[in-house]
Each structure stands twice: as C-alpha cells, then as structure tokens.
Amino acid sequence: MATIIIQRLDGTVYDLDAMGFRVKKFDIPLPNYNHSYQQIGNYGSTLIGTQAQQLVIPLVIDITAMDIHDYNFQLLQLRRVFRSDEDFFVINMYAPFIRWRCRAEAVTPSQNGNFWRASDVTINLDCPSGFAESVATTQDPVDPPNNGWGFGQGFNTEQIPSYIYTTADFTFFNAGVIPLRADDRPVKITFQGTAPNGFTLTNNTTKQSFKLTKGVRSSDVVTILGFVPSINGKQEYSSSDHGFLDFAVGENKLHLDGASGFTMKFDTRFYY
C-alpha cells in the first residue's frame, strides 16, 4: 500500500514504497508561529505581531535493494525523486486530499555494513509556506470524499458550499485554518455579466470592498486577483477604486451592487 507520494510539478508521481523506499516516519509539525513583542512599560511586554514560519518536515525511510548494484541504482533514483532545484509536492496517502509543497535538504545515506540497505535515512523537507494546501480547488465540486476533497477539511457535509454565485447576496466559506488575503494567497474572482456602470463587491464580514468603475457587457470577462482587476485579459487597475478583498476563516457574507444577469466564480485552494 502506498504511504507517501512525491509529485513533481510536471505531474510525475513517485510511490516511495513501490520503489523500495520503505517509509518509517512522516511526522508533520504543528504550524510554527513566531511572536514579536515590544517592551512598553516596566512590567511585561506587548504582543505586536505574529507570523507563521516555514516548517521542516522529517521523512524517515529505509532503502532496500537486491544487491550492491541495485543499491547504487536506488541511490540514483533517490536523487531523481528528491531533486530540489524546483519545488515538489508531498502527499500522505492516509490524507490524500492535502499536500505539502517542499524542497529537500541535503542527506547522505549510510549503507548498513555489507548489507544492501540503508536504515533510518532522514530527509528533511523544507515547506516555506508552513501549511498544507488542498489538492482540489473550489472549482472542483465540493463533495467529500470525492473530487479531491476529504472529510476533516472543515465543511459541513449537511450544507455543502458552492463557489459559483448568481445572486447579489451570497456566502463564501473559507474552509482552511488561515485567512485568504489579497497580498497573501489571493482568491481568483471571475465575473461575467452586465454592469453598465461597473459594480461593487463588498465583503461585509471583513468590512472591505472592491469597485470596478468601468462598465462591462455580458460578453466581457472580469478577473480580480489580489489587487489587480483585468477585463478580457487586459489589466485595468486604473478602472477600479484600488480596493481589495480578504476572506476570513469560516463564513464571509458578500454583496454585489450594480450588476445583473451575472455569474461569479471564486477559485482558490484552502490551507491547513
């Protein structure tokens, strides 16, 4: 049975167990937060900021082979799998609906005497984001445990959310454990509809709004990613009030003004 899968950015998948790398441990640390304090008075300090730091995830494997030649071949395979001039994804098949984006630190396997084996090889995986991401996006229908989603990701299975909206008032549900901010993991919003004088999208939960000041027709496609809107693929930053939208953890109540006959799609991953 597969336990740990390595997936390269080009889609190539490596099953470590099937390749002869017996996975012994894959221990995920809890999020690593750094708290900053400022001395204000004579007694104690004041918390002035908290940032999530990168994670170092230890993966412990045994390397097994049929003979000394095969052992050296396995070492070559290990180099290929954990090549770290680019990121790769690590997926624990006991929770295949989330993945960690990592690079591997240097490691030197030590052969066990005359045996064609290396035991307890620890490969430290650096995860700069500090969090796992959902394999699926919100444009994959939410249907745990299908379509790349799974139980335990924070959805109410009795009221599954949709991320395609056609009404002026709707709820965007952030199922992850961290906010989705315009300057950090922005949500891609796509609007198609009629808005002769532009439109205003307001997140009543975060008290933020974005206003498009240029009129659009039903054939136009408006995309908002972070701070920058585009119309039909052309950036239109000057055609907005320079507002932006963040999305809190959990329910976000939104309202759209100025548009009719529209479809609005929200595309993002969630982070755990």
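Count the sequence shown with this note's numbering and you get residues 1178 to 1449, in order. A virtual CB, placed ideally from N, CA and C, is assigned to each residue, including glycine.
Below 7 Å CB to CB, which residues in the same chain sit around S1287 once its five sequence neighbours on both sides are set aside?
-> Start at 1 with the first residue of the sequence shown, and residue 1287 comes out as number 110. Within the same chain, S1287 has close Cβ partners A1295.
Distance between G1438 and C1304 (C-alpha atoms, nearest Å) | Stepping through the sequence shown from its first residue, residue 1304 is reached at position 127. Stepping through the sequence shown from its first residue, residue 1438 is reached at position 261. Their Cα atoms are separated by approximately 43 Å.
Cβ-based burial, F1292 [other Cβ within 10 Å; buried from 16] = If you number the sequence shown from 1, residue 1292 lands on position 115. Looking at its Cβ environment, which holds fewer than 16 other Cβ atoms inside 10 Å, F1292 is exposed.
Going by CA-CA distance only, name the one from D1297, S1339, G1375 that's closest to D1320.
-> Within the sequence shown, residue 1320 is the residue found at index 143, counting from 1. Of the listed residues, the one whose Cα sits closest to D1320 is S1339.
Three-state secondary structure (DSSP) of V1364 = The residue labelled residue 1364 in the question sits at position 187 within the sequence shown. If DSSP states are grouped into helix, strand and coil, V1364 belongs with coil.
Look at the alpha carbon of S1407 and the alpha carbon of M1441, and state the distance between them as a whole number of angstroms.
-> The residue given as residue 1407 occupies position 230 in the sequence shown. The residue given as residue 1441 occupies position 264 in the sequence shown. Their Cα atoms are separated by approximately 14 Å.
Near G1331, what residues of its chain come up, given a Cβ to Cβ distance below 6 Å and the 5 sequence neighbours on each side ignored?
-> Walking along the sequence shown from the start, residue 1331 turns up at place 154. Correct list, in chain order: A1352.
Residues in its own chain within less than 7 Å of E1162 by CB, not counting five upstream and five downstream?
-> The structure shown does not extend to residue 1162, since the chain is modelled only from 1178 through 1449, so no value can be given for it.
So N1380 and L1431 are in contact, right, with Cβ under 8 Å, and what is the actual spacing, rounded?
-> In the sequence shown, counting from the first residue as 1, residue 1380 sits at position 203. In the sequence shown, counting from the first residue as 1, residue 1431 sits at position 254. Going by Cβ atoms, the distance from N1380 to L1431 rounds to 5 Å, so yes, they are a contact pair.
Check whether the Cβ atoms of Y1191 and A1309 lie closer than 8 Å to each other.
-> Mapped onto the sequence shown, residue 1191 falls at position 14. Mapped onto the sequence shown, residue 1309 falls at position 132. Their beta carbons are not under 8 Å apart, which means Y1191 does not touch A1309 by this criterion.
Enumerated in chain order, which unbroken segments of the beta strand (DSSP E) with a length of 3 residues or greater are wholly contained in the stretch 1266 to 1316?
-> 1275 to 1281, 1294 to 1304
The stretch 1225 to 1236 / the stretch 1194 to 1208 touching (three or more Cβ pairs under 8 Å) | yes
Cβ pair A1272, G1327 closer than 8 Å | Along the sequence shown, read from residue 1 onward, the residue named residue 1272 stands at position 95. Along the sequence shown, read from residue 1 onward, the residue named residue 1327 stands at position 150. Contact flag set, yes.
Opening and closing residue of the beta strand (DSSP E) in which L1433 lies = Within the sequence shown, the letter at position 256 stands for residue 1433. It spans 1427 to 1434 - the beta strand (DSSP E) in which L1433 sits, taken as one unbroken run.
Inter-residue spacing [alpha-carbon to alpha-carbon] between I1225 and Y1214 | Here the question's residue 1225 lines up with position 48 in the sequence shown. Here the question's residue 1214 lines up with position 37 in the sequence shown. Between I1225 and Y1214, the C-alpha separation is close to 5 Å.
For T1383, is the beta carbon positioned less than 7 Å from some heavy atom of the ligand GTP?
-> Here there are no bound small molecules, and the ligand GTP is not part of this structure.
If we count the other Cβ atoms within 10 Å of its Cβ and call it buried at 16 or more, is Y1220 buried or exposed?
-> Here the question's residue 1220 lines up with position 43 in the sequence shown. That one is exposed.
Which of helix, strand or coil does DSSP assign to L1255?
-> Within the sequence shown, residue 1255 is the residue found at index 78, counting from 1. DSSP places L1255 in helix when its eight states are reduced to three.
Endpoints, the beta strand (DSSP E) within which M1441 is located = Stepping through the sequence shown from its first residue, residue 1441 is reached at position 264. Here the beta strand (DSSP E) through M1441 covers 1437 to 1444.
Outcome for V1398 when other beta-carbon atoms lying within 10 angstroms are tallied against a minimum of 16 = Locating residue 1398 in the sequence shown gives position 221, counting from the first residue. With fewer than 16 Cβ atoms within 10 Å of its Cβ, V1398 is classed as exposed.
Tell me the start and end of each unbroken beta strand (DSSP E) in the stretch 1210 to 1248 that is at least 3 residues and wholly inside, in chain order.
-> 1210 to 1216, 1222 to 1229, 1232 to 1241
Distance, Cα to Cα, D1187 vs E1263?
-> In the sequence shown, the residue the question calls residue 1187 occupies position 10. In the sequence shown, the residue the question calls residue 1263 occupies position 86. When rounded, the distance between both Cα atoms is 11 Å.
Which of the three DSSP states, helix, strand or coil, is assigned to F1328?
-> Counted from its first residue, the sequence shown places residue 1328 at position 151. DSSP places F1328 in coil when its eight states are reduced to three.
Which residues mark the beginning and the end of the beta strand (DSSP E) in which Q1336 is found?
-> For the purposes of this step, residue 1336 is identified with residue 159 of the sequence shown, where counting begins at 1. Premise fails: Q1336 is in no beta strand (DSSP E) and is neither H nor E.
What did DSSP end up calling Y1466 once you bin it into helix, strand or coil?
-> Because the chain is modelled from 1178 through 1449, residue 1466 falls outside the range shown and cannot be assessed.
Between the CA atoms of G1197 and A1179 - distance to the nearest angstrom = Start at 1 with the first residue of the sequence shown, and residue 1179 comes out as number 2. Start at 1 with the first residue of the sequence shown, and residue 1197 comes out as number 20. Rounded to the nearest angstrom, the two C-alpha atoms are 11 Å apart.
Which listed residue (P1322, A1195, A1281, G1307) has its alpha carbon closest to that of I1337 = Position 160 of the sequence shown, counted from the first residue, corresponds to residue 1337. Here the closest residue by C-alpha is P1322.
Name the residue from G1403, R1260, Q1228, V1284 whose alpha carbon lies nearest to the alpha carbon of R1185.
-> Translated into positions along the sequence shown, residue 1185 becomes position 8. Of the candidates G1403, R1260, Q1228, V1284, the one whose C-alpha sits nearest the C-alpha of R1185 is R1260.
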